[in-house]
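2 protein chains.
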Amino acid sequence: MDDKLTSTFLRVCQEGSIRAVAIALEQEPSTISRRLTALETEIGIQLLERRKKGVKPTEAGELLLRHLRGQAAEFEALTAEFDALRGMRRGHVSLAVGEGFISDLIKNALPSFKKVYPGITFTMRSGSTEVVVQDIQNDVAHLGFVFNSMPDRQCKVLAHTAQPLQLLANPTSEWARTVAPVSIGSLAAMPLALLSSGSGLGAMVREVETIYSVRLHRALEANSLATIRNFVREGLGVTVLPAFVVAQEIADGTIVDLPLDVPEFARGEVSLIARSGRRLPEVAMKLANHAMRSMRAFQA
Amino acid sequence: MDDKLTSTFLRVCQEGSIRAVAIALEQEPSTISRRLTALETEIGIQLLERRKKGVKPTEAGELLLRHLRGQAAEFEALTAEFDALRGMRRGHVSLAVGEGFISDLIKNALPSFKKVYPGITFTMRSGSTEVVVQDIQNDVAHLGFVFNSMPDRQCKVLAHTAQPLQLLANPTSEWARTVAPVSIGSLAAMPLALLSSGSGLGAMVREVETIYSVRLHRALEANSLATIRNFVREGLGVTVLPAFVVAQEIADGTIVDLPLDVPEFARGEVSLIARSGRRLPEVAMKLANHAMRSMRAFQA
DNA sequence: AAATAATGTTGCACTAAATGCAACATATAC
DNA sequence: GTATATGTTGCATTTAGTGCAACATTATTT
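Protein chains in written order, with full-length UniProt numbering: chain A, 1 to 300; chain B, 1 to 300.
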């Protein structure tokens with residue numbers, strides 16, 4: 001059943017006359033008449049009685065009429081929902097994030113985004129760089145936030161910003177008083193907390209160890225950033241991370257960041273990625289743009 | 001929302017790929033693709049995510065999908081009802097009948113018609129010829145059964161049959177032994193039960209009175225045929241009616257019919273009428289044809 | 001009773017829209 | 001890398017819908 005036919009049928013039933021509808025729609029009566037007969041032949045039943053004054057639906061017509069009215073009501077509800085989606089008042093974005101981005105995202109990107117688009121919901125899977133990239137490749141997540149992602153055919157980089165790794169330490173600890181920029185030698189002498197392999201950060205640390213032929217002192221190896229953060233804050237040791245990861249602690253004064261005299265660490269980089277070739281939902285694109293502008297990780 | 005677009009969208013969601021649908025529908029992928037984009041631009045939201053392997057509905061797509069599925073279910077129910085109507089398994093016919101036709105209609109036409117088309121319902125207004133004609137003119141009734149209807153521009157005669165008026169009397173009464181055909185003089189001497197004015201029968205009786213300059217003995221004037229029938233059956237008098245009106249009583253032997261020697265009464269005629277220019281519902285036409293064939297009133 | 005205005009319908013030429021074909025861009029599989 | 005999937009775009013073609021005019025029928029007016 002063609003929509004054009006049924007809608008004109010509806011109008012004709014409302015107006016009670018073919019010509020009236022033709023005038024209202026600024027079309028020829030023949031057009032309306034033909035549509036009606038087309039609908040009737042399609043269904044195979046006479047829908048309208050042609051009477052003295054105009055037309056009147058037959059029993060079949062009444063049946064169809066009731067159906068169409070109900071359908072119209074449902075359609076109205078549907079369009080309302082679409083309106084909500086169009087205005088981004090509803091929608092969903094799934095994110096895959098490296099653990100270091102969580103606080104930055106939740107603190108700087110999501111609140112302001114939710115203020116503009118209150119109805120949008122999120123799923124957020126956090127994991128290592130590898131996991132994030134997999135989620136992107138498998139279309140599990142729309143957007144991925146990773147540190148030091150290696151170039152990948154399947155992943156398109158929507159944004160990337162240099163984020164040099166810094167030395168993070170408890171301000172009252174002895175390591176906080178090291179002369180900056182901190183040399184690789186000094187670093188090697190400190191008890192270090194590092195993320196376990198699988199993360200882009202771990203790979204970078206191993207790279208530096210190889211280049212400078214040093215063995216860093218892995219006092220703690222953890223797959224959770226919270227663990228490392230607490231380790232540092234309690235003064236049990238130091239770590240090497242981009243400053244934005246512990247922006248809150250730095251602001252609080254519970255952790256200080258010192259520059260490192262290691263060019264490789266300076267080449268640290270954060271990326272916002274999506275699967276190449278995938279046309280992202282509009283909400284996702286909006287969020288991506290918003291994240292670039294609002295997140296500390298993407299501020300040069 | 002064009003039906004062609006939504007239905008292809010539905011198919012694409014089912015199949016999960018544009019090409020699969022194109023093959024299934026024996027059409028070009030470009031056609032399918034274009035329909036989808038047309039639907040998306042019409043609604044103003046992206047409905048499908050183009051993914052590695054085929055496509056997958058977005059949130060808006062899921063929304064539309066749910067709507068369309070529900071709509072499809074309702075449409076299925078609707079088509080079932082249409083099927084019923086098409087096969088005449090449902091429908092409605094409104095009849096306007098002269099009182100004399102009731103028993104004939106109910107006994108000879110409706111039972112066999114209902115056997116073929118069980119689901120058809122009827123409304124039946126009985127009244128004088130005048131009332132029946134009005135109902136036909138005002139489109140209150142599809143079909144009208146009248147006696148001696150005068151020619152009317154607005155009424156089209158679907159069938160007409162000569163039904164000479166006869167003398168009806170109780171078989172044990174003295175009037176039943178009158179020599180047939182009964183003359184107008186003999187009739188004038190009998191106590192007569194007649195339908196009151198407004199009926200075609202009443203008009204005919206008055207016409208005969210004028211022509212032959214006789215005053216019939218109106219022992220009973222009633223607007224109800226049942227009254228007259230009982231009057232005759234009880235032997236209180238006679239009446240002048242077409243035999244088919246009391247076919248049951250004649251069969252029972254409770255009433256006998258005698259021919260009348262009055263040419264004007266022989267010109268009695270029954271008609272099946274409908275409004276001229278009105279295209280009757282198919283069920284009504286079917287019933288009309290059936291009535292012509294099965295009713296005693298239309299047997300020559 | 002005839003004329004006028006209104007109803008829906010049909011034939012024909014025309015315009016607009018949908019379609020098919022081909023080439024393309026991209027991603028997956030071997 | 002080559003080959004086979006996926007969806008998309010440009011252009012010529014065909015299809016389908018539309019407007020105009022004349023028509024048949026009915027209602028209203030003169």
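All residues carry an ideal CB built from backbone N, CA and C; glycine is no exception.
All values reported here derive from a predicted model rather than from experimental measurement.
Within chain A, partners of residue i - CB distance below 9 Å
i	result
B:G82	For the record, residue 82 of chain B in the displayed sequence is Phe; it is not Gly. Ordered by position in chain A, the residues that pass the 9 Å Cβ test against B:F82 are I43, G44, I45, A60, L63 and L64.
According to DSSP, residues forming a beta bridge with residue i
i	result
B:A109	None; B:A109 has no bridge partner.
B:E269	B:A162
A:T121	A:H92
B:V238	B:L192
A:R275	A:C155
B:F147	B:V270
B:G98	B:G127
B:L260	B:V182
A:A80	The partner list for A:A80 (beta bridge, DSSP) is empty, contrary to what the question assumes.
A:A169	A:V256
Within chain B, partners of residue i - CB distance below 9 Å
i	result
A:D2	D2, D3 and K4
A:L143	The contacting residues do not exist; A:L143 stays about 14 Å from chain B at best.
A:R278	E49, R50, R51 and K52
A:D139	E49, R51, K52 and K56
Supposed contact pair residue j and residue i - C-beta distance, whole angstroms, cut 8 Å
i	j	result
A:H142	A:S112	About 19 Å separates the two Cβ atoms, so there is no contact after all.
B:V205	B:L225	No, B:V205 and B:L225 are not in contact; Cβ-Cβ is about 14 Å, not under 8 Å.
A:Y117	A:R86	No, A:Y117 and A:R86 are not in contact; Cβ-Cβ is about 11 Å, not under 8 Å.
A:P242	A:Q166	7 Å
A:G268	A:Q134	About 22 Å; that fails the 8 Å criterion.
A:A60	B:F231	About 46 Å separates the two Cβ atoms, so there is no contact after all.
A:A96	A:G127	7 Å
A:T31	A:A22	7 Å
B:V240	B:A169	In fact, because the Cβ distance is near 10 Å, the residues do not count as touching under 8 Å.
A:R275	A:Q154	6 Å
A:R296	A:A247	5 Å
B:K156	B:I273	7 Å
B:E49	A:R125	B:E49 to A:R125, Cβ: 18 Å. No contact.
A:F298	A:T161	5 Å
B:G185	B:T129	Not really, about 28 Å apart at Cβ, beyond 8 Å.
Partner residues on chain A for residue i, Cβ-Cβ distance less than 7 Å
i	result
B:L39	Neighbours of B:L39 on chain A: none; closest Cβ ~12 Å, over 7 Å.
B:H67	E74 and L78
B:G16	Near B:G16 there are no residues of chain A at all, since even the closest Cβ is about 13 Å away, more than 7 Å.
Beta-carbon neighbours of residue i, restricted to chain A and to distances below 8 Å
i	result
B:V281	Inspection of the sequence shows that residue 281 of chain B is occupied by Pro rather than by Val. Ordered by position in chain A, the residues that pass the 8 Å Cβ test against B:P281 are Q46, E49, T58 and E59.
B:V27	Residue identity differs from the one stated: residue 27 of chain B is Gln in this sequence, not Val. In chain order: nothing, as chain A lies at least about 17 Å away.
Contact set between residue i and chain B, taken where Cβ atoms lie within less than 7 Å
i	result
A:E76	Result: empty, since nearest Cβ-Cβ is about 11 Å, beyond 7 Å.
A:G119	Residues of chain B passing the Cβ test: none, with the nearest at roughly 11 Å.
Contact set between residue i and chain B, taken where Cβ atoms lie within less than 8 Å
i	result
A:Q134	In chain order: nothing, as chain B lies at least about 14 Å away.
A:G237	Under the 8 Å cutoff, chain B gives no residues; its nearest Cβ is about 44 Å from A:G237.
A:G91	E59
A:L85	I45, E59, A60 and L63
A:Q71	Q71 and E74
Does the structure place the stretch 175-193 of chain B close enough to the stretch 215-223 of chain B that three or more beta carbon pairs sit under 8 Å? yes
Of all the alpha helix (DSSP H) runs that stay within the bounds of the stretch 20-58 of chain B, which reach a length of 4 or more residues? 29-43
Inter-stretch contact (C-beta, 8 Å, three-pair minimum) for the stretch 165-181 of chain B and the stretch 248-268 of chain B: yes
Considering only residues of the stretch 207-236 of chain A, which uninterrupted alpha helix (DSSP H) runs meet the minimum length of 4 residues and lie entirely inside it, listed in chain order? 225-233
Contact between the stretch 98-106 of chain A and the stretch 142-161 of chain A (3+ Cβ pairs under 8 Å): yes
May I ask you to verify whether the stretch 35-48 of chain A touches the stretch 35-50 of chain B, counting CB pairs closer than 8 Å and requiring at least 3? no
Should the stretch 53-68 of chain B be regarded as contacting the stretch 13-23 of chain B, the criterion being three or more beta carbon pairs within less than 8 Å? yes
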